[in-house]
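Chains as they are written, first to last, in my numbering: chain A, 2 to 396; chain B, 2 to 396; chain C, 2 to 396. Backbone N, C-alpha and C fix where the C-beta goes; we use that ideal spot for every residue, glycine too. Okay, structure first, notes after.
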Amino acid sequence: MNTVNALIKQINGLKSELSNKDFLLTWEQTPQELQQVLAIADALKTLREENIATKVFNSGLGISVFRDNSTRTRFSYASALNLLGLAQQDLDEGKSQIAHGETVRETANMISFCADAIGIRDDMYLGAGNAYMREVGAALDDGVAQGVLPHRPALINLQCDIDHPTQAMADLAWLKEHFGNLENLKGKKIAMTWAYSPSYGKPLSVPQGIIGLMTRFGMDVTLAHPQGYDLIPQVVEVARRNAAESGGSFRQVDSMAEAFKGADIVYPKSWAPYQVMQQRTELLRQNDHDGLHTLEQHCLAQNAKHKDWHCTEEMMALTKGGDALYMHCLPADISGVSCPEGEVTESVFEKYRIATYKEASWKPYIIAAMILARKYAQPGAILQQLLEEGQKRVK
Amino acid sequence: MNTVNALIKQINGLKSELSNKDFLLTWEQTPQELQQVLAIADALKTLREENIATKVFNSGLGISVFRDNSTRTRFSYASALNLLGLAQQDLDEGKSQIAHGETVRETANMISFCADAIGIRDDMYLGAGNAYMREVGAALDDGVAQGVLPHRPALINLQCDIDHPTQAMADLAWLKEHFGNLENLKGKKIAMTWAYSPSYGKPLSVPQGIIGLMTRFGMDVTLAHPQGYDLIPQVVEVARRNAAESGGSFRQVDSMAEAFKGADIVYPKSWAPYQVMQQRTELLRQNDHDGLHTLEQHCLAQNAKHKDWHCTEEMMALTKGGDALYMHCLPADISGVSCPEGEVTESVFEKYRIATYKEASWKPYIIAAMILARKYAQPGAILQQLLEEGQKRVK
Amino acid sequence: MNTVNALIKQINGLKSELSNKDFLLTWEQTPQELQQVLAIADALKTLREENIATKVFNSGLGISVFRDNSTRTRFSYASALNLLGLAQQDLDEGKSQIAHGETVRETANMISFCADAIGIRDDMYLGAGNAYMREVGAALDDGVAQGVLPHRPALINLQCDIDHPTQAMADLAWLKEHFGNLENLKGKKIAMTWAYSPSYGKPLSVPQGIIGLMTRFGMDVTLAHPQGYDLIPQVVEVARRNAAESGGSFRQVDSMAEAFKGADIVYPKSWAPYQVMQQRTELLRQNDHDGLHTLEQHCLAQNAKHKDWHCTEEMMALTKGGDALYMHCLPADISGVSCPEGEVTESVFEKYRIATYKEASWKPYIIAAMILARKYAQPGAILQQLLEEGQKRVK
Chain A
2 MNTVNALIKQ INGLKSELSN KDFLLTWEQT PQELQQVLAI ADALKTLREE NIATKVFNSG
62 LGISVFRDNS TRTRFSYASA LNLLGLAQQD LDEGKSQIAH GETVRETANM ISFCADAIGI
122 RDDMYLGAGN AYMREVGAAL DDGVAQGVLP HRPALINLQC DIDHPTQAMA DLAWLKEHFG
182 NLENLKGKKI AMTWAYSPSY GKPLSVPQGI IGLMTRFGMD VTLAHPQGYD LIPQVVEVAR
242 RNAAESGGSF RQVDSMAEAF KGADIVYPKS WAPYQVMQQR TELLRQNDHD GLHTLEQHCL
302 AQNAKHKDWH CTEEMMALTK GGDALYMHCL PADISGVSCP EGEVTESVFE KYRIATYKEA
362 SWKPYIIAAM ILARKYAQPG AILQQLLEEG QKRVK
Chain B
2 MNTVNALIKQ INGLKSELSN KDFLLTWEQT PQELQQVLAI ADALKTLREE NIATKVFNSG
62 LGISVFRDNS TRTRFSYASA LNLLGLAQQD LDEGKSQIAH GETVRETANM ISFCADAIGI
122 RDDMYLGAGN AYMREVGAAL DDGVAQGVLP HRPALINLQC DIDHPTQAMA DLAWLKEHFG
182 NLENLKGKKI AMTWAYSPSY GKPLSVPQGI IGLMTRFGMD VTLAHPQGYD LIPQVVEVAR
242 RNAAESGGSF RQVDSMAEAF KGADIVYPKS WAPYQVMQQR TELLRQNDHD GLHTLEQHCL
302 AQNAKHKDWH CTEEMMALTK GGDALYMHCL PADISGVSCP EGEVTESVFE KYRIATYKEA
362 SWKPYIIAAM ILARKYAQPG AILQQLLEEG QKRVK
Chain C
2 MNTVNALIKQ INGLKSELSN KDFLLTWEQT PQELQQVLAI ADALKTLREE NIATKVFNSG
62 LGISVFRDNS TRTRFSYASA LNLLGLAQQD LDEGKSQIAH GETVRETANM ISFCADAIGI
122 RDDMYLGAGN AYMREVGAAL DDGVAQGVLP HRPALINLQC DIDHPTQAMA DLAWLKEHFG
182 NLENLKGKKI AMTWAYSPSY GKPLSVPQGI IGLMTRFGMD VTLAHPQGYD LIPQVVEVAR
242 RNAAESGGSF RQVDSMAEAF KGADIVYPKS WAPYQVMQQR TELLRQNDHD GLHTLEQHCL
302 AQNAKHKDWH CTEEMMALTK GGDALYMHCL PADISGVSCP EGEVTESVFE KYRIATYKEA
362 SWKPYIIAAM ILARKYAQPG AILQQLLEEG QKRVK
C-alpha cells in the first residue's frame with residue numbers, strides 16, 4: 002500500500018480545477034491536471050489489484066450514449082462505472098445524428114435525475130461530436146443552476162471528432178508504466194504514422210489525440226502520412242504549440258521509414274484524410290448512399306497506392322535498437338490474420354501483442370479517474386478514505 | 002431531516018393496503034393510499050438530496066418489459082430500481098403482442114425467481130395492456146402460492162391502454178410541490194385539453210390518467226377536445242364519479258379557449274380518438290399495413306382541421322392572472338422547434354420549460370415509492386431505518 | 002440455518018479441483034465435484050430464502066455472450082450474477098459465428114480486465130460451440146499468465162453443441178430435491194425420449210446433457226428416439242461408460258412406449274438428428290439459405306411421420322404407478338396450447354406445470370454455484386462467512 006500512499010501524496014500536491022470542468026480535450030487541461038488523472042488511475046488500479054473496493058458511489062447511474070458500434074470502449078466505460086459503484090444505463094438514440102437545441106437540452110436533463118456520469122461516443126460527424134458534448138454539458142449546467150438536477154454528472158468524452166482523450170490518456174499511462182515515469186518520456190521519439198488498411202473512414206481522433214497529448218511531455222513527436230492524408234489543421238497547430246511549450250519537438254514527414262528511424266515508440270494506424278471526412282460528413286447528413294459509395298471506392302483506390310505503409314520487421318529494424326515499443330488502440334489490421342494486407346505484419350504484432358493488451362488495460366482506470374476527478378475537489382482524500390476503510394472487493 | 006421525520010409520521014398515520022395489491026389504476030387506490038405513495042416519494046427524494054442511500058435491497062433484480070419505444074419511462078424506472086438497490090434486466094420480447102395463457106404464466110414465473118419488481122409498459126393495444134398486466138399479476142400470485150417464487154415481485158404499470166399511473170402520480174407530486182400541499186389543490190381549476198400535433202396515434206393513457214386522478218382531490222377538472230376525440234367512456238365516467246365524491250367538479254367542453262378560461266393549470270396534449278385507437282388495435286392485430294396507412298392519412302387530415310387547438314400566448318392570457326401553470330408529460334410538440342405546427346408555441350413552452358423538467362423529475366421517486374409500498378406493510382418503518390442508518394449515497 | 006451448516010460440512014468434505022478448471026462438460030468433473038456444485042447451489046438457495054445476502058463480490062462484471070436468442074438462460078445467468086454481487090454486461094457480437102484465432106484471444110482479454118465471470122451460449126454450430134469456449138478459456142489463462150488479467154474469470158458454459166451443463170445440473174438438483182437425496186436416485190428409471198414438435202433444428206445439448214449426467218448416479222437411463230434421430234455418437238458412448246462405472250444402466254430403444262414402461266421419470270423433448278445438425282452447420286457456414294430451407298422442409302416432413310411420439314395420458318399410464326415425474330427444460334411444445342400438435346398434451350403438462358417451474362428455479366443457483374466453485378478453493382469457508390455475517394438481502 003506504499004504505492005497508493007505515495008500516489009495520494011502526489012495527487013494532493015497537484016493543482017487541479019478538474020472538479021469544475023469537463024475533460025473534453027486533453028489540451029484544455031493543465032499538465033498538473035493530466036498528471037493528477039494519471040495518478041488517480043494508478044491508485045485505482047493498485048487498489049483493485051490489492052483487492053480493495055473502490056465504490057465511492059453507493060447506488061447511482063452512469064449513462065452511456067454510443068453513436069456507433071463499440072466493444073472495447075463500451076466495456077472500458079462499463080468497467081469504470083462498476084469500479085466506482087455506478088450502474089450502467091444505455092441511451093439508445095438510434096445511430097442517426099440527434100437533433101440539437103431543445104431535444105438535447107431536454108434529453109440531457111431527463112436522463113440525469115439520478116445520474117453521476119454520462120459518457121458519450123460521437124466520432125462520425127466532423128465538426129459535430131465535440132460540439133454536441135459541449136451542448137450536453139451546457140444543458141447539464143443549466144439543469145443544476147435551475148434546481149432541476151441535484152448535482153452535476155461527470156461528462157466523459159469516449160471519443161469525438163477531434164480527440165479521443167480516454168484512449169490517449171490510457172496510452173500515456175501505459176508509456177509511464179513502461180518507461181518508469183513521466184520524466185523518462187522527455188526526449189523520447191514517438192512516431193505516429195498512418196498505415197495501410199483495407200477499410201476507409203477510420204476516425205481521426207486517435208492520431209489527433211496522440212499528437213495533442215504526447216507533445217505535452219517533452220517528447221519528440223513525428224507525424225507521418227502520405228500526402229493528402231492530413232489531420233484537422235487546428236489540431237496539428239495545437240501539437241506544434243504544445244511541443245514548443247513543453248521543450249519537446251513536433252515535425253511532419255511523408256514517409257513511414259523516415260518517422261521510424263531512431264524512434265523509441267511507433268504507433269502505425271490507418272485513418273481517413275481530413276478532407277474525406279468532411280465530404281463524408283456532408284454525405285452522411287444528406288443520407289446520400291450513392292455518394293458515400295462513390296467516395297468509398299475512390300478512397301479505397303487511393304489507399305491502395307500506399308500499401309507500403311506497412312509496419313514490417315524491416316520497418317521496425319529502423320527504430321532505436323531495432324526494438325521500439327509498438328502501440329495500437331486495437332483492433333489492428335494484421336496482415337494475413339484479420340485481413341490480407343494491413344497495418345502490421347503478424348510477426349511484429351505477435352511480438353507486441355501482450356504489450357498492446359496492457360496498453361488497453363489502462364482505459365477503465367483512466368475513465369474512472371476522470372469521473373473521480375470531476376466529482377471530488379479533493380480526490381486524494383477520497384482515495385485515502387478507500388484505503389483506510391479497506392473494504393474487500395472479493396470476499 | 003425534519004422533513005423526512007414529518008413525512009414518516011404522515012406515512013405511519015395513513016391506512017394502506019398497498020402491500021397486498023398492485024397499483025395498476027389510480028382509481029383503484031384509496032385517497033390515503035395515494036397520499037402515502039406521494040409521501041414516500043417525497044421522503045425518498047429528500048433522503049437522496051441529503052446524500053442518504055435508499056438501498057433497501059442488497060441485490061435483487063427489477064425486470065422491465067417495454068412493448069414500445071421509451072426513453073423517459075425507461076430511465077425513470079431504471080433510476081427507481083437503482084435507488085432501491087435493484088439491478089435492471091430487460092425482457093426483450095420483440096414488439097409483437099405476446100401470446101396469452103400458458104406463455105404469460107410461464108414467462109412471468111421464469112423471470113421472477115430472483116426478481117423484486119416487474120415494470121410493464123404496454124399501451125398500444127386498446128383493451129389489452131392493462132388486462133395483460135393483470136394476467137401477469139395473477140401468474141405471480143399463483144407462483145407464490147405454489148411455492149415456485151419465494152416472494153411476490155411488485156408489479157408496476159409503466160403505462161397501459163387505460164391509465165399511466167406513474168405519470169399521473171408524478172404530475173400530482175409536482176402540483177403538491179408547486180402549490181405547497183394537497184389541501185391547496187382544492188378548488189383549483191385544471192384544463193386537460195387536446196392539442197394539435199402533426200402525428201397521430203398518441204395514447205389515451207395520459208389524459209385519462211389526469212382526469213382519473215386529479216378529480217380525487219377536489220379540483221375543478223375540465224376535459225376539452227374537438228368533437229370526435231373522445232376518451233374511453235368508462236374512464237370519463239370514473240372521472241365524473243370521482244369529482245362528485247371528492248367535492249370537486251368535472252366537465253367536458255369542445256373548445257380549448259373555454260377550458261383555459263380562469264384555469265390555474267393547463268395540460269394541452271395531443272391524443273388519438275378512442276374510436277381510432279379501437280380501429281388501430283384491430284388493424285395492428287391483423288398486421289394490416291395498408292389499413293394502418295389509410296387510417297393514419299384519414300386521421301392526419303382530421304387533425305389538420307384543428308390546428309387552432311394550439312397553446313399560444315393569447316390562449317395563456319385567458320387563464321387565471323394570465324399565468325396558469327403549464328404542464329406536459331414531455332416531449333411536447335413545440336411549434337417551430339420540434340415540428341412546424343404543434344401543441345404549444347416556443348415562447349409559452351420556454352417560459353415553463355424548467356417547470357416541466359421538475360414535473361418529470363418526480364417520476365423515479367414515484368416508481369420507487371410504489372415498489373416500496375408494495376414490498377413493505379410498514380413503509381414508514383423502513384424509511385426510519387434508512388434515516389437512522391444514514392449510509393452515504395456518495396462518499 | 003441448520004440446513005446451511007449441514008451443507009457447508011458436506012461441501013468441506015468433498016474433494017474438488019473445480020477452482021482450477023472450467024466446468025464445460027459434466028463428464029469432465031468427478032462425482033464429488035458434481036456433488037459439491039449441487040450442495041453449494043442448495044446452500045445459496047437456502048440463504049436466499051432466509052433473506053441472507055450472498056454477495057461475495059463487492060463490484061465486478063459478469064460478461065454474457067449469447068450467440069442465439071435466449072430468455073430463460075439469460076435471466077438465470079443475470080440472476081446468478083446478481084446473487085453474487087456482479088453486474089451483467091452483454092457482449093453483442095451479432096449472431097454470426099465469430100472468427101477464431103487472434104480475434105478470440107484479443108476479445109477475451111479486452112472484456113476481462115474487470116470481469117469475474119464470462120458466460121457463453123453457443124449451440125448452433127456442431128463441432129464449434131464447446132471448442133470456442135475452450136479457445137476463450139485458453140486465451141484467459143494466457144492473459145493471466147502474461148500479467149494482462151489480474152485474475153482468471155470463471156467461464157460458464159450456458160449451452161454448447163455437446164452439453165448443457167447448467168440445465169442438466171439444475172435438473173439433477175431438482176431430482177435430488179424431489180426424491181430427497183442423490184442416494185435415492187440409485188435404480189430410478191429415467192426415460193430421455195424424443196418427442197414430436199412442429200419445429201426442427203432444436204439442439205442436441207439437452208438430451209446429451211441428460212444422458213451424460215444422469216448415468217453418473219446409478220440411475221437406469223433409457224434413451225429413446227425414432228430411427229435416424231441419433232445423438233452425437235461419442236456422447237452416447239460417454240453415457241454407456243458412465244452407467245457401467247456408476248452401477249446404473251444405459252440402453253437405447255426406438256419406441257417412446259418402451260422407454261416409458263415402468264419409468265420413474267420421463268423427459269420427452271424434441272431434437273434434430275445429429276446428421277441433420279451436421280448438414281445444417283455446413284449450410285449455416287456457407288450462408289446457404291436455399292439449402293437451409295430445403296433441409297428444413299425435408300426434416301419437417303420426416304418429423305411429421307412421428308407425431309405418435311407424444312406424451313399423452315395413455316403414455317403416462319405406462320410409467321411406474323402411472324405417475325412418473327414429467328420433466329422439461331421449457332418451453333415445451335404443448336398440443337393445442339403452444340402448437341396444434343406437439344411434445345405433450347395439455348392435460349399431462351398442466352399436471353406437472355408447477356413441477357417444471359420448480360425444476361427451472363434451480364438454474365440461477367447452479368450457475369452461481371459454478372462461479373463460486375471456480376473462484377474459491379474453499380467454497381465452504383466463504384459460505385460460512387456469508388452465514389456468519391448474516392447481511393440481510395432485503396432490509
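L331(C) and C330(B) have their C-alpha atoms spaced approximately 41 Å apart.
C300(A) sits in a helix when the DSSP states are folded into three classes. In chain order, A81, L85, A118, A155 and I157 place their CB closer than 7 Å to the CB of I372(A), counting only its own chain and leaving out the 5 sequence neighbours on each side. Using a Cβ distance threshold of 8 Å, S113(C) and L92(C) do not count as a contacting pair. Here H226(B) has W195 as same chain residues with Cβ atoms under 6 Å from its own Cβ, once five neighbours each way along the sequence are excluded. H307(A) is classed as buried because its beta carbon has at least 16 other beta carbons within 10 Å across all chains shown.
In this structure, V38(A) places its C-beta atom within 8 Å of the C-beta atom of A374(A). If you check the CB distance, Y133(C) and I191(C) do not come in under 8 Å. For the stretch 73–95 of chain A, the beta-carbon criterion of a distance under 9 Å to any beta-carbon of chain C is satisfied by R73, R75, F76, S77, A79, S80, A81, L82, N83, L84, L85, G86, A88 and Q89. N182(C) counts as exposed, since fewer than 16 other C-beta atoms from the protein chains shown sit within 10 angstroms of its C-beta. The beta carbon of Q168(A) sits no closer than 8 Å to any beta carbon of chain C. Looking at the DSSP output, Q89(C) bridges to G63(C).
In the DSSP assignment, V349(B) falls outside any beta strand (DSSP E) and lies within the alpha helix (DSSP H) extending over E347 to A361. Neighbourhood of I355(A) in chain C, by CB distance below 7 Å: Q147 and V149, in chain order. Rounded to the nearest angstrom, the Cβ distance from Q392(B) to I53(B) is 7 Å, consistent with a contact under 8 Å. In this structure, the alpha-carbon of I163(C) lies about 10 Å from that of Y126(C). Spatial neighbours of K177(B) in its own chain (CB-CB distance under 7 Å, excluding positions within 5 residues in sequence) are listed in chain order as L39 and L183.
In this chain, the beta strand (DSSP E) harbouring G120(C) covers A116 to D123.
For S60(A), at least one C-beta of chain B is nearer than 8 Å to its own C-beta. Taking C-beta atoms as the reference points, R394(B) and R49(B) count as a pair closer than 8 Å. A distance below 7 Å between beta-carbons, with the five flanking residues on each side excluded, links Y377(B) to the following residues of its chain, in chain order: S20 and I383. Leaving aside the five residues that flank D231(C) on each side, the residues in its chain whose CB is nearer than 8 Å to its CB run, in chain order, V237, P274, Y275 and Q276. Chain-order list of chain A residues neighbouring S362(B): F114 and V149, by C-beta distance under 7 Å. In the three-state DSSP reduction, L173(A) falls in the helix class (H, G or I).
With its beta carbon at least 8 Å from every one in chain B, E389(A) lies outside the interface. A Cβ-Cβ separation of about 6 Å places P365(B) in contact with C115(A) under the 8 Å criterion. Taking C-beta separations shorter than 6 Å and ignoring five residues to either side along the sequence, the partners of V66(B) in its chain run L92 and I121, following chain order. Beta-bridge annotation (DSSP): Q147(A) is not paired with any residue. DSSP lists C340(B) and T346(B) as the bridge partner or partners of S336(B). Sequence-distant partners of V137(B) (beyond 5 residues in either direction) whose C-beta falls short of 8 Å from its own C-beta, in its chain, are V105, A109, I119, I121 and L156. In this structure, S256(C) keeps its C-beta atom at 8 Å or more from the C-beta atom of Y197(C).
Ranked by Cα distance from C161(B), the options H179(B), G128(B) and A146(B) are led by G128(B). For V254(C), there is no enclosing alpha helix (DSSP H); the enclosing beta strand (DSSP E) has its first and last residue at S250 to V254.
Between the C-alpha atoms of M316(B) and R68(A) there is a straight-line separation of about 40 Å. When beta bridges are read from the DSSP output, D221(A) appears opposite K190(A) and S250(A). Distance from the CA of H290(B) to the CA of T47(A), rounded to the nearest whole angstrom, comes to 59 Å.
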